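The C-terminal residue of the sequence shown carries number 547 in the working numbering, and the numbering is unbroken. We put the CB at the ideal spot given by N, CA and C, even for glycine. For clarity, every value in this text was computed on a predicted model and none was experimentally measured. In what follows, a single structure is set out as structure tokens and then discussed.
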Amino acid sequence: MANTAENRTVLQASMDVFRTHGMTRIFGNPGSNELPFLVGLGEDFDFVLGLHEQVVMGMAEGYSRATGQPVLVNLHAASGTGNAMGALTNARYAHVPLVLLAGQQIRRTVGQQAMLANVDAATLTRPLTKYSHEPLAAADVPRTLSEAILEATTHPQGPVYVSVPMDDWEEEALPDDGLLTSRSVTTSGALTPALRDELVAALDGAAHPALVVGPQVDVASVGDRAVYEAVIALAERTDATVYVAPSPPRGPFPTTHPNFGGVMVPGIDSVRRQLSGHDTVFVLGAPVFRYHRWEPGDYLDAGTQVWHLTQDPSEATRAPFGRAVVAEVGAAVTDLAAGVKDRGTRRPARELPAARTSEEGMTGTEILEVLNQHVTPDVVYVNETTTLDLDYLERIAIDQPGKYHFPASGGLGFGLPAAVGMSLGLPEATVVATVGDGSANYGLSALYTAAQRGTRTVFVIVNNSGYGALAGFAERMGVPDVPGITLGEIDFVSLAAGYGVPASRTDTREEFEAAYQRALAAEGPVLIDARIV
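Shown next, in the form of structure tokens:
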């Protein structure tokens with residue numbers, strides 16, 4: 015739930031983070047950049063002065079070794095940090111969890127290389143620290159400090175470094191910074207009995223649970239069908255709605271299942287609204303969360319509890335909310351599915367939504383509907399239509415692991431080359447690649463290899479004569495007249511023929527369906543230039 019406290023400063027929110035982790039004793043040697051931080055410390059903080067940074071570091075390391083706890087070290091900018099780096103080598107190789115907090119010049123003057131500015135601060139200690147960062151905005155300072163502490167204390171432990179401009183401390187904190195004080199990261203290769211019982215109890219005690227599944231689940235499922243079935247069993251026994259994490263690189267849950275809730279829209283407010291009504295959310299094998307659209311707002315509705323199960327320690331430490339467990343995801347999901355109580359509730363069959371139609375021509379969802387009407391067990395989908403990414407999994411019946419692939423980072427040029435590579439790796443499959451006309455231009459020469467190798471690949475260019483996703487973003491941002499997002503007429507049929515791939519153009523659903531059926535029956539690669547409105 016959000017912290018509703020108003021008019022809190024970044025410094026006050028940061029002090030709460032330090033208090034949460036018991037880090038109220040600070041070892042340091044102050045400089046001018048650090049004064050705004052030090053003057054605002056609460057009375058419960060104890061500043062231990064050392065007369066040289068080498069001594070400061072040594073005392074902090076000794077204190078951490080004695081207590082077994084992370085320790086906060088306050089250093090001056092580049093010069094003070096440099097003085098400390100000799101002793102930093104000891105902490106690095108002894109795996110001592112020290113959090114080095116260095117002051118920085120006024121944010122707007124750093125690029126001018128003002129006196130005592132720490133130029134490119136994050137790189138200064140990087141060879142000797144697990145994590146090194148200077149937040150890009152004052153509002154991200156408390157979350158960065160939370161991440162730094164969790165990085166320092168997550169195995170393998172070690173020192174971390176954060177540089178904070180001196181004027182950041184008095185900026186207003188985010189209301190959601192209150193969620194940082196309930197963050198924790200537990201590392202467990204396999205779930206211990208106690209941890210397993212705690213997670214099972216959280217699921218059993220939830221009134222309206224949700225699961226958010228991601229790529230680590232899918233990777234485990236491809237290698238072990240039992241993991242895929244365990245996720246299904248976990249959803250059914252707890253009667254949880256299952257969402258696929260934003261920008262799913264694969265399909266980690268059957269889209270035909272009654273509990274499937276669709277793909278999460280990658281915006282802060284959109285995720286909050288999708289999870290609204292769920293009192294307990296388990297994020298399995300995915301980050302919390304990979305936002306894309308800028309939608310300012312609270313992360314969660316009040317009372318929503320988030321558990322995060324991941325194999326990636328950095329995913330666990332950087333999340334702005336939730337209790338994280340670092341563990342082998344496939345085994346953990348299997349344990350949870352076996353441990354939860356079966357509520358005996360089963361949902362009715364899920365119906366796929368009907369395609370949107372237009373009097374002006376064929377729509378993208380009509381293409382998806384045609385694909386779904388002609389699905390066969392040997393079809394594997396590669397999707398790089400960013401205008402249809404949220405529709406795709408909701409409209410295509412995919413009930414096997416490893417049957418759907420999407421570019422995880424959103425960088426263009428994935429679809430055509432990945433489809434060819436997948437065809438070479440799965441010669442018994444028919445790989446169907448839906449690729450936007452904008453994306454296609456980044457990887458078009460992959461058609462050459464498809465022709466030379468005679469791959470069983472159907473390339474569907476979903477052609478709206480522009481960068482449709484960018485146009486959608488421009489509209490939402492209120493900047494509709496952006497140059498460079500209209501492509502005009504590109505003759506993909508001729509381009510494909512030049513590379514040796516048979517191709518045709520379709521303008522209606524009927525034409526596309528006929529062309530797609532011919533492509534499925536072909537022995538080699540085929541391209542369809544599918545024009546949509």
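Using three-state DSSP, classify residue i as helix, strand or coil.
i	result
residue 519	strand
residue 250	helix
residue 390	coil
residue 528	helix
residue 426	coil
residue 158	helix
residue 563	Not covered by the structure: residue 563. The range shown for the chain is 15 to 547.
residue 201	strand
residue 196	helix
residue 313	coil
residue 118	strand
residue 302	coil
residue 446	strand
residue 112	strand
residue 370	coil
residue 395	strand
residue 16	Note that residue 16 has pLDDT 45, beneath the 50 cutoff, so the model's placement of it is unreliable and no number is given.
residue 323	strand
residue 1	Beyond the ends of the chain as shown, which are 15 and 547, falls residue 1; an answer cannot be given.
residue 383	helix
residue 277	strand
residue 375	strand
residue 57	coil
residue 489	helix
residue 243	helix
residue 165	helix
Measure the CB-CB distance between residue i and residue j and report whether it falls below 8 Å.
i	j	result
residue 518	residue 469	no
residue 187	residue 225	no
residue 62	residue 183	no
residue 201	residue 340	yes
residue 173	residue 143	yes
residue 71	residue 105	yes
residue 97	residue 127	no
residue 132	residue 116	yes
residue 283	residue 317	no
residue 27	residue 198	no
residue 271	residue 163	no
residue 433	residue 473	yes
residue 385	residue 446	yes
residue 227	residue 267	yes
residue 274	residue 256	yes
residue 430	residue 402	no
residue 540	residue 516	yes
Identify every residue that forms a DSSP beta bridge with residue i.
i	result
residue 147	176
residue 6	One cannot answer for residue 6 here, as it falls past the ends of the chain, which runs 15 to 547.
residue 477	545
residue 340	201 and 324
residue 540	472
residue 185	According to DSSP, which records beta bridges pairwise, residue 185 is partnered with nothing at all.
Over the uninterrupted beta strand (DSSP E) stretch that includes residue i, give me the two end residues.
i	result
residue 361	Counting along the chain, residue 361 falls outside any beta strand (DSSP E), and DSSP gives it neither H nor E.
residue 224	223-227
residue 51	No beta strand (DSSP E) contains residue 51, which is instead part of the alpha helix (DSSP H) from 49-53.
residue 257	255-258
residue 298	294-298
residue 214	Taken as a continuous stretch (DSSP letters only), residue 214 belongs to no beta strand (DSSP E), being part of the alpha helix (DSSP H) at 207-218.
The alpha helix (DSSP H) that contains residue i, what's its start and end?
i	result
residue 32	24-34
residue 351	343-353
residue 452	451-454
residue 285	282-289
residue 331	327-332
residue 402	Run containing residue 402: none; DSSP gives neither H nor E here.
residue 137	135-138
Complete alpha helix (DSSP H) runs within the region 61-90 (minimum length 4 residues, chain order): DSSP runs (the alpha helix (DSSP H)) wholly in the region 61-90: 67-81.
Scan the region 492-516 and note each continuous beta strand (DSSP E) run of 3 residues or more that stays entirely inside, going in chain order. Within the region 492-516, not a single complete beta strand (DSSP E) segment reaches 3 residues in length.
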